[in-house]
Amino acid sequence: MQRGPAPIAETTRWLHHGGELVESRHAGHIVVVGPRDEVVSLGDPHRITFPRSAVKPFQAAASLELIGEDLSPRLVAVGWASHRAEPAQLAAVRDMLAFAGLDPADLTTPPADGDAAAGVPDPLRHNCSGKHALFALAGRAAGCPRDRLLDPDGPVQRHVLAVVREAVGPPVGVGVDGCGAPAVAVPLAGLARAFRQLADPDGRWTTVVAAGLAHPLLMGGTGRLESALLAAGVVAKPGAEGVFGAAWRDRSGQRYGVAVKAEDGARRASAVALHGLLAALKVVPDGVWTPPPVLGGGRPAGSVRSTHQVSAFADRLGAVRRPW
């Protein structure tokens with residue numbers, strides 16, 4: 000079994016007189032955990048990874064436990080989104096803050112990159128603002144001041160980290176995410192195993208999952224793979240630096256979780272690899288999502304696609320378990 004990274008995605012550029020050439024390849028790892036806790040992998044299932052925003056479903060569930068009040072599915076959904084600052088997404092974050100009498104100044108997110116470059120400090124537009132709004136509500140319920148909301152030893156993050164550990168397993172370490180929240184580092188198989196739990200219709204994560212499935216466009220936004228998969232009934236959440244997790248049930252109700260990590264941190268690689276795998280397994284229709292094209296002069300001039308190694312991996316999985 001291959002333990003090093005394998006090619007999972009490639010970019011092509013079309014030739015003037017027909018055909019195409021592969022311009023570059025992305026290496027990475029794909030790990031699937033099945034209903035009997037069996038682990039099947041392309042690459043290294045033990046690859047230590049910061050899941051980053053891929054653990055937001057579990058962070059959101061932990062925050063809701065502290066809040067102790069019922070939020071609408073719309074607000075729960077944006078609480079584990081990595082959004083594009085589209086109007087509906089920003090409105091949902093504002094409404095969540097207003098639910099507790101808070102405003103954007105209570106967020107602990109840094110300014111979004113574009114806003115920071117323009118000198119406009121707007122934490123609402125940061126793609127993690129929904130999660131930080133949940134932290135703010137949880138902090139209010141737990142009596143935690145704003146300046147300790149992201150403290151790993153504060154009352155909010157102690158509970159959040161405990162819940163995340165229950166889901167992904169013991170971390171090898173805890174760092175700091177791009178948004179300032181604590182970030183666990185775990186083997187990739189631990190993330191896949193955690194995502195398999197999200198496919199349980201009656202489990203601890205039901206409220207969070209149901210909200211994401213009901214509001215897929217809040218979760219990522221226009222053109223995002225996670226929104227397309229959620230609309231198709233597959234639980235999906237990406238994380239920064241080329242991480243993607245997904246969960247589904249097969250036709251017999253058996254649960255599966257998958258985690259993808261691109262070695263070079265490219266989101267496009269993990270997204271097309273996951274889409275290619277799920278399409279090959281017939282978990283989703285092949286056309287459920289179209290990757291953004293490679294451009295030349297502002298026009299499509301090539302493509303990004305999963306590799307034949309991903310197709311072969313899907314065949315290997317298919318030999319283990321059918322139907323999906």
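Residue numbers are given in numbering that gives the first Met the number 0: position 280 of the sequence shown equals residue 279, and the series is strictly consecutive. The C-beta atom is built at its ideal place from N, Cα and C for all residues, glycine as well.
Could you give the residue range of the alpha helix (DSSP H) that holds residue i?
i    : result
A279 : R266 to A279
G78  : P72 to G78
A191 : L187 to L197
F134 : S128 to A141
L216 : P215 to M218
L63  : K55 to I66
V163 : P154 to V167
V92  : P86 to F98
From the DSSP output, read off the bridge partner residues of residue i.
i    : result
L229 : DSSP output for L229 lists no bridge partner at all.
V30  : S40 and A258
E9   : R24 and R304
P181 : V175
W204 : W204 pairs with nothing; no bridge assigned.
A246 : V234 and G256
T48  : V185
G295 : R298
Among the options, which one has its Cα closest to the Cα of residue i?
i    : options                   : result
R35  : G256, G179, D105 and A239 : G256
A391 : P120, A111, A97 and R157  : For residue 391 there is no data in the structure shown, the boundaries of the chain being 0 and 323.
A245 : Q253, V234, G252 and S251 : V234
A166 : G138, G189, V32 and V39   : G189
A135 : A161, A198, R124 and L106 : L106
K130 : V92, A184, D102 and H158  : V92
R250 : P110, A99 and G232        : G232
L65  : D121, L89 and A161        : A161
H25  : L273, D94 and P6          : P6
G18  : G174, S302 and A311       : S302
V328 : R298, A140, S71 and M95   : Not covered by the structure: residue 328. The range shown for the chain is 0 to 323.
A140 : E68, P181 and A209        : E68
H214 : A227, W204, R248 and G202 : A227
G33  : R254, T289 and A258       : R254
L20  : G317, A300, V30 and F312  : A300
Along the chain, where does the beta strand (DSSP E) that runs through residue i open and close?
i    : result
C235 : It is worth fixing the name first, because residue 235 is Ala in this sequence and not Cys. Where A235 is concerned, the enclosing beta strand (DSSP E) stretches over V234 to G238.
P282 : In the sequence under discussion, the amino acid at residue 282 is Val, which differs from the Pro named in the question. It is not in any beta strand (DSSP E) - V282 carries neither H nor E in the DSSP assignment.
Report, in whole angstroms, the separation of the C-beta atoms of residue i and residue j, which I expect to be a contact under 8 Å.
i    : j    : result
V283 : L277 : 5 Å
C127 : C178 : 4 Å
G264 : V309 : In fact, because the Cβ distance is near 18 Å, the residues do not count as touching under 8 Å.
A329 : G27  : Any property of residue 329 remains undetermined from this structure, which presents the chain solely from 0 to 323.
Q88  : V77  : 6 Å
Touching or not, the stretch 83-91 and the stretch 220-227, by the rule of three or more beta carbon pairs under 8 Å? Contact holds between the stretch 83-91 and the stretch 220-227, because three or more Cβ pairs, one in each stretch, are under 8 Å apart.
Kindly confirm or deny that the stretch 149-157 and the stretch 37-55 touch, where touching means at least three C-beta pairs closer than 8 Å. Segment contact: the stretch 149-157 against the stretch 37-55, fewer than three CB-CB distances shorter than 8 Å; contact not assigned.
Stretch-stretch touch, CB-based, cutoff 8 Å, three pairs: the stretch 235-244 with the stretch 57-69: No, because fewer than three Cβ pairs between the stretch 235-244 and the stretch 57-69 fall closer than 8 Å, the two stretches do not touch.
Assess contact between the stretch 6-19 and the stretch 289-298, defined as three or more Cβ pairs (one per stretch) separated by less than 8 Å. Is contact present? Yes: at least three Cβ pairs fall under 8 Å.
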